[in-house]
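These notes are about the structure you will find just below.
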Amino acid sequence: MFPNFSGKNLQGYNFRGKNLTGADFRNSDIRGANFTNALLKNANFQNAKAGLPIKRLLGLVIVTFIITIILGLISGFAPVFTGYLLFPYSISPGDYFATILVLSIFLVFAITTIYKGLSTAFFAVSCVAIICGFVLGIMTGEMVGIPSGIVSVTVTTLIIYVMLVIMVFLVTVAEQIAGMSIAIVALFLIFINSIIGSITGTIIGVEVAKVLSGTNRLPHLKVQAVEEAAIAATVGSVAVILFVSYISWRVRAGDEKFVWIRQLAIAVSSIGGTSFQQADLTGADFTSAKLKNVNFSNAKLIRTNFHLANYLSLARVDNTILVNPIVQDLVVTKRGTNKSYIGCNLKGINLDYADLSYADLSEVDMSNSTLEFANLEGANLTKTQALATNFHQATLTAACLEAWNINSATQLDGVICQYVYLLNNQQERRPSSGKFAAGEFTKLFRVVINTVDLIFRNGLDLEALSVALSKVKIENEGISLAIKSIENQGDGVVIVRVDVPESTNKAEIHASVTHNYELALQQIEARYQAELKSKDEQISLYRQHQVDLKELIQMIAPTAKKFTQGKLVILKLGQGDLSTGFPVTLQISREGDRPYFESHGQLPSASELVLAYHKWQAAYCHSLQGSLRIKFPETQVTNISRRELFKECDKLADAFTKQVNLWLNSELFRPIKEQLLEKLDPSESIRILLQTEDSQLRRMPLQLWNFFERYPHAEMALSSTIYEKKEKFISLKSYVKILAILGDSTGINIQQDRVLLEQLPHAEIKFLVEPQRQMLNDELWMQPWDILFFAGHSFTQSEREIGHFHINDSDSLTIAELKNALTKAIERGLHLAIFNSCDGLGLATNLADLHIPQMIVMREPVPDKVAQEFLKNFLAEFSSGKPLYQSVREARLKLQGLEDEFPCASWLPVICQNPAEIPFTW
């Protein structure tokens with residue numbers, strides 16, 4: 020039976036450290052009660068009245084008023100009294116300097132406080148007071164007046180500053196504990212008593228001045244100065260009161276410049292109030308409770324309900340999620356429609372029945388929270404941490420779930436969802452069409468709980484892991500163990516998830532695999548140590564091999580075609596687009612060297628070029644016939660209509676070629692062109708990199724520029740403006756290792772690609788025919804590769820520049836879905852990726868983000884015969900020792916022989932290059 024304190028008067032009760040799990044405090048008066056370190060799980064505080072007990076509240080108000088009265092008197096008395104005590108000199112009243120001095124200091128103080136805060140104002144008024152005091156001292160005409168002026172003005176100014184800060188603090192405290200009306204009374208008391216203090220300070224100051232001067236009568240100038248000082252002090256008091264009112268208002272409004280005053284006032288006003296300090300309030304309910312002057316510091320607020328709680332903003336909430344005012348408002352109102360909570364700490368928050376439709380919750384940590392029946396329609400949950408979060412009966416229709424993090428403890432039962440997006444900006448809809456059936460969302464996103472996570476902190480040895488898993492299977496009588504995923508977390512940390520049967524003791528399996536892995540690793544290392552003993556012999560053999568190789572090269576040199584060291588040209592396009600033009604940076608260097616020439620120019624706008632490209636592209640797609648390496652519905656085309664389509668495509672191709680040359684031969688770009696003609700030799704091998712992020716321009720075959728007719732050994736490649744050279748494993752093997760993926764072959768003949776690959780000299784090829792994702796992932800992880808080859812269907816999602824390739828007849832992958840495996844493959848020496856498939860620029864863009872050295876893709880949908888012919892010609896050229904770029908150019912140009920059947924076939928192949936890398940050679 021849970022304790023029942025409902026409706027009782029518990030003012031001042033001490034519950035410190037008690038177990039009050041499930042206790043009922045509804046409608047009770049718990050003002051001044053002490054719940055420090057108490058266990059209050061699922062306790063009910065609905066409509067409870069917490070805070071300061073009545074006696075303590077009255078006592079604090081009286082003490083505040085007394086201190087306020089004293090400060091008011093001091094603030095008026097001290098400046099006048101100290102001014103005339105410390106500065107016993109008279110100045111001409113006609114100079115109005117006292118008025119100017121007060122106004123100057125006040126203006127500096129006001130401006131710096133409003134724009135920078137009180138701490139900056141302290142230094143500012145101190146400096147101004149010293150300057151004003153110096154000038155005041157000079158005006159006395161006596162040398163000793165200078166230090167007196169500096170001391171008197173500075174001291175009186177700082178007294179006023181300190182008094183003002185204390186007054187603001189006291190007014191804030193009065194408002195915290197007793198409301199706005201008491202704060203106004205405090206301000207009135209300050210005003211009245213500051214005037215009284217000014218008059219008193221003037222009278223006493225005069226008497227003290229008489230005593231110090233040794234006369235019963237002050238000089239006439241001194242009397243007038245005293246009168247002026249009294250007026251100035253009174254005016255200053257009025258100004259101070261107005262400014263105290265202003266700062267108090269800004270404190271109440273939550274101004275960041277004065278937040279420390281509010282925090283200090285809350286800390287002081289909560290002393291003696293209801294204390295939940297370090298209490299466990301997991302699942303507690305404070306609905307409609309009054310929480311003024313309550314101390315929640317360091318309390319455990321997991322799924323604690325503060326819906327419609329009163330005065331939570333006046334509670335002390337140090338070291339809880341409630342320190343953020345935005346979060347405070349959310350837990351009280353549970354209304355966050357269209358609001359932004361990016362990066363907020365919502366860990367353990369209670370948002371049951373909350374309306375968060377179209378809210379931005381990206382990068383929020385809401386682990387261990389409860390959002391039962393919450394409305395999250397259209398919400399952005401990108402990179403949201405939702406571990407062990409309860410979404411029971413929550414609405415997630417149209418929400419974005421890109422890279423959100425959930426685990427087996429995340430509750431998705433009963434989620435109401437018609438569809439979601441897996442990428443921002445409403446990309447990657449799931450399901451692709453239609454709606455989720457009942458329960459489908461939960462099945463799709465539920466994390467399988469029957470897994471064991473193995474964490475390797477010094478990299479992963481796949482051979483040792485395989486040995487360990489085999490031993491564990493034997494030790495557990497053939498238990499089913501399957502690797503679910505391998506994730507490279509960076510810094511040598513690799514996580515391997517292994518599927519295990521539901522009834523398995525996961526802790527024992529984890530310990531057994533870890534132990535056997537370490538044993539296997541030791542055995543492998545011992546074997547390597549033994550092999551390393553013969554390293555001197557291996558080095559000697561390698562050196563002899565190099566000598567023999569050199570002699571062989573010299574023997575065949577007279578009959579082999581020599582390729583001299585070429586040049587690298589980079590055309591870097593800056594910020595712009597085809598509608599406005601681009602700034603251009605030209606760099607020329609010898610292969611492997613730093614640029615020896617750089618120049619800057621401009622490309623004009625090219626709206627006609629864009630229009631011509633789109634017209635040609637539409638005609639090209641309509642003219643395609645035969646088997647394509649892309650999946651889209653075919654339309655029936657007659658022989659007559661096909662000939663007309665070919666004619667139209669050729670006509671628009673000519674128009675597009677003309678626009679390309681008009682653009683690149685324009686007067687604005689002419690200086691760059693002339694520098695290229697001057698610096699480059701037609702006999703040289705030339706690589707031209709077009710560095711641009713403009714996706715529209717990257718699709719255009721700019722090798723149609725008539726410049727390339729003059730340079731038969733030049734080829735253009737695409738490049739990103741962001742790149743990095745990755746450190747790679749250097750292999751001394753004498754053959755090329757190729758991982759060939761033969762994907763979905765529906766409607767096309769990719770066996771011809773296999774035949775061409777199998778004929779390559781000095782190559783070791785591993786074929787994966789319509790593989791599953793896990794198989795492909797494992798092959799990329801297990802051994803180093805030089806070339807990755809894909810043949811099959813692919814396409815680019817143009818809106819997001821995301822490439823997809825079909826690895827079998829039912830599954831398609833993106834580069835992101837193989838990111839870890841591909842990153843590892845690149846680190847281990849993957850030099851070149853060839854996607855002999857349709858519309859591959861999206862794949863190239865995504866792979867470039869992983870900093871792969873080179874890629875070869877097709878710009879547009881490609882007929883099967885064109886893909887086969889290009890591959891045959893390219894492999895023949897490249898495997899014979901020709902440079903990569905020259906091989907691609909010759910293979911591409913040879914496609915012109917098919918253009919009576921396949922228009923513009925020679926426009927399709929393109930190289931995508933990492934500028935930091937030197938092209939791979941066979």
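Quick note: to get the working numbering, add 19 to the position in the sequence shown (first position is 1).
Cβ atoms here follow ideal geometry from the backbone N, Cα and C, with glycine treated the same way.
For residue j and residue i, believed in contact at Cβ under 8 Å, the rounded distance
| i | j | result |
| --- | --- | --- |
| Ala303 | Ala62 | 5 Å |
| Gly861 | Ile821 | 5 Å |
| Ser739 | Glu712 | 7 Å |
| Lys358 | Ala373 | Not really, about 11 Å apart at Cβ, beyond 8 Å. |
| Val187 | Ile130 | No, Val187 and Ile130 are not in contact; Cβ-Cβ is about 17 Å, not under 8 Å. |
| Ile340 | Leu320 | 7 Å |
Alpha helix (DSSP H) segment containing residue i, residue limits
| i | result |
| --- | --- |
| His641 | 626–642 |
| Gln389 | It should be noted that the sequence gives Thr, not Gln, for residue 389. Taken as a continuous stretch (DSSP letters only), Thr389 belongs to no alpha helix (DSSP H), as it is neither H nor E. |
| Ala487 | 481–494 |
| Ile845 | 838–846 |
| Arg448 | No alpha helix (DSSP H) holds Arg448; the beta strand (DSSP E) holding it covers 446–449. |
| Lys884 | 883–898 |
| Thr352 | 344–352 |
| Val336 | Counting along the chain, Val336 falls outside any alpha helix (DSSP H), and DSSP gives it neither H nor E. |
| Thr864 | 860–867 |
| Tyr904 | 903–913 |
| Lys698 | 689–698 |
Beta-bridge partners of residue i, as assigned by DSSP
| i | result |
| --- | --- |
| Phe1020 | Beyond the ends of the chain as shown, which are 20 and 941, falls residue 1020; an answer cannot be given. |
| Ala272 | Answer by DSSP bridge pairing: none, since Ala272 is not bridged. |
| Gly291 | Gly291 pairs with nothing; no bridge assigned. |
| Asn28 | Asp48 |
| Thr815 | Gly822 |
| Gln430 | Asn409 |
| Ile760 | Leu787, Phe809 |
| Lys591 | Thr604, Gln710 |
| Val755 | Ala782 |
| Lys586 | Arg609, Ile705 |
| Gln404 | Asp384, Asn424 |
| Tyr440 | Cys419, Arg448 |
| Asp304 | Asn63, Asn324 |
| Thr414 | Asn394, Ile435 |
C-beta atoms of residue i and residue j nearer than 9 Å
| i | j | result |
| --- | --- | --- |
| Leu683 | Phe726 | yes |
| Gln699 | Ile705 | The amino acid occupying residue 699 in the given sequence is Leu; Gln does not appear at that position. Going by C-beta atoms, Leu699 is nearer than 9 Å to Ile705. |
| Ala867 | Cys931 | yes |
| Trp804 | Lys745 | no |
| Gly51 | Gly78 | no |
| Thr461 | Asp432 | yes |
| Val350 | Phe325 | yes |
| Ile368 | Ser388 | yes |
| Leu914 | Val885 | yes |
| Ile435 | Leu420 | no |
| Ala852 | Phe814 | no |
| Leu807 | Ile707 | no |
| Gln715 | Tyr639 | no |
| Leu370 | Thr356 | no |
| Phe897 | Asn855 | no |
Residue-level contact to chain B via CB, residue i, 9 Å cutoff
| i | result |
| --- | --- |
| Leu903 | Included in the structure is just one protein chain, with no chain B present. |
Extent of the continuous beta strand (DSSP E) run through residue i
| i | result |
| --- | --- |
| Arg609 | 601–609 |
| Thr740 | Where Thr740 is concerned, there is no enclosing beta strand (DSSP E), given that its DSSP letter is neither H nor E. |
| Ser618 | 616–622 |
| Arg878 | Note, Arg878: premise wrong, no beta strand (DSSP E); not H, not E. |
| Pro928 | 928–932 |
Worksheet item: Is the segment 787–803 close to the segment 757–776, with three or more CB pairs under 8 Å?
Response: yes
Worksheet entry | Touch test, the segment 670–677 against the segment 602–610, Cβ-Cβ under 8 Å, three pairs minimum | no
Worksheet item: Between the segment 53–71 and the segment 290–302, do three or more beta carbon pairs fall short of 8 Å?
Response: yes
Discussion item. Pairs of beta-carbons, one from the segment 134–146 and one from the segment 270–284, closer than 8 Å: are there three or more?
Written reply: yes
Practice prompt. Examine the Cβ distances between the segment 730–748 and the segment 913–932 and report whether three or more of them are shorter than 8 Å.
Written response: yes
Worksheet item: Do three or more CB pairs link the segment 334–345 to the segment 299–318 at distances below 8 Å?
Response: yes
Discussion item. Does the contact criterion of 3 or more C-beta pairs under 8 Å hold for the segment 474–494 versus the segment 438–448?
Written reply: no
Discussion item. Three Cβ pairs or more, each shorter than 8 Å: is that satisfied between the segment 869–877 and the segment 711–731?
Written reply: no
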